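Chemist: For the sequence shown, the UniProt record's numbering assigns the number 1 to the initial residue and increments by one for each residue that follows. Below you'll find the structure I mean.
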Amino acid sequence: MRYLTYLVLFTLVACSQPMPESYQPLPKAVEILDFSLTNQDSETVTKEDFIGQWSLVFFGFTYCPDVCPTTLAEMNRIAKNVEKDNFQVVMISVDPERDTPKQLKSYLEYFNPKFQGWTGALNEIEQLSRQLHVFFQKQPHGDSYLMDHSSQIILVNPQGEYQGFITEPFDTQKVSDFINQL
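And the structure:
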């Protein structure tokens, strides 16, 4: 009887959370190791900038022709429906060669002026991307190049830990509702 009671209670709690199907929680949140990057205002950012707030993190680049603008537009829809004060959206550039702080600021203001844009030394970005299971690679494209990269959104908890990730397709309302429940 006790087992049945716990099963019913667990089912009710699980059903009360509007977790999007595309959200993949980690079995246990993972601490993010130290890093040092630069934000769109040319200020240093570290893992401490994740502390105290929920963060949606996306790795992309300002010259991206398709995935990045679409994902950032969806993240803007999510952000508009999040009712938390302790919430931020961060785009980390996978193209620090071209994505200066000024370039990031101009680009992100088009989507949402509250979005954070972080760039820095390639080795720092690579180290952070490996921790968060994000792939990116430079690909020649005519006289220039593009960046192949993962499109998932990373969820970082207020303790600064990698909590899980959200994959496409994004149901922006379900993601917003889920974040509001956290």
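The beta carbon of each residue, even a glycine, is placed where N, CA and C say it ideally should be. Here the structure is a predicted model, which is why all the values come from computation and not from measurement.
(1) In angstroms, rounded to a whole number, what distance separates the CA positions of phenylalanine 58 and methionine 91?
(2) Rounded to a whole number of angstroms, what is the C-alpha to C-alpha distance between alanine 29 and glycine 164?
(3) Near tyrosine 107, what residues of its chain come up, given a Cβ to Cβ distance below 6 Å and the 5 sequence neighbours on each side ignored?
(4) Does isoleucine 78 come out as helix, strand or coil in the three-state DSSP assignment?
(5) Find out if the Cβ-Cβ distance for the pair glutamine 116, asparagine 39 is shorter than 7 Å.
(6) Counting Cβ pairs, one atom from each stretch, are 3 or more of them under 8 Å apart for the segment 81-97 and the segment 37-54?
(7) Looking only at its own chain, which residues have a Cβ that is under 7 Å from the Cβ of asparagine 76, when we skip the five neighbours before and after it?
(8) Can you list, in chain order, the stretches of the alpha helix (DSSP H) that have 4 or more residues and sit fully within the UniProt domain "Thioredoxin" (26-182)?
(9) So the candidates are Asp95, Leu26, Ile153 and Ile32; which of them puts its Cα closest to the Cα of glutamine 139?
(10) Are the CB atoms of serine 150 and isoleucine 78 nearer to each other than 7 Å?
(11) Can you name, in chain order, every residue of its own chain whose Cβ lies under 6 Å from the Cβ of glutamine 24, other than the five neighbours on each side?
Modeler: Result, derived from the coordinates:
(1) 5 Å
(2) 7 Å
(3) Thr62
(4) helix
(5) yes
(6) Touching, yes.
(7) Phe111 and Asn112
(8) Runs of the alpha helix (DSSP H) inside the UniProt domain "Thioredoxin" (26-182): 67-81, 101-111, 122-131 and 172-181.
(9) Asp95
(10) Not closer than 7 Å, so no.
(11) Gly164 and Phe165
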